[in-house]
Amino acid sequence: IAMLHALRDRGLLNRVMLSMDITRRSHLKANGGYGYDFLLTTFIPQLRQSGFSQADVDVMLRENPSQFFQ
């Protein structure tokens, strides 16, 4: 989160895309891992609590990926 704050402070948030990956069964919630919903249910709320606005989150989750994949 501190790294994302530093990037935002430098005006580089438009280059950030947030994602995650589940590569092993041990990553699944059923096996004690974070699960598929970690990014949206845990990490994004932590970003918001640390001072990121919903607009900042939307840039990283929606706008940047949309522009990248055009």
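53 is the number that the numbering used here gives to position 63 of the sequence shown; each next residue is one higher, with no gaps. Even glycine gets a Cβ: it sits at the ideal position worked out from N, Cα and C. This structure is a prediction, so every number in the text was calculated from the model and none was measured.
Asked	Found
So, for L(-3): in the same chain, excluding its five sequence neighbours on each side, which residues have a beta-carbon less than 8 angstroms away from its beta-carbon?	L3, R5, V6
Is the CB-CB distance between V47 and I34 below 7 angstroms?	yes
In whole angstroms, what is the alpha-carbon distance linking D27 and H(-5)?	23 angstroms
Looking at the structure shown, is S40 part of a helix, part of a strand, or coil, going by DSSP?	coil
Quick check on DSSP: helix, strand or coil for T13?	coil
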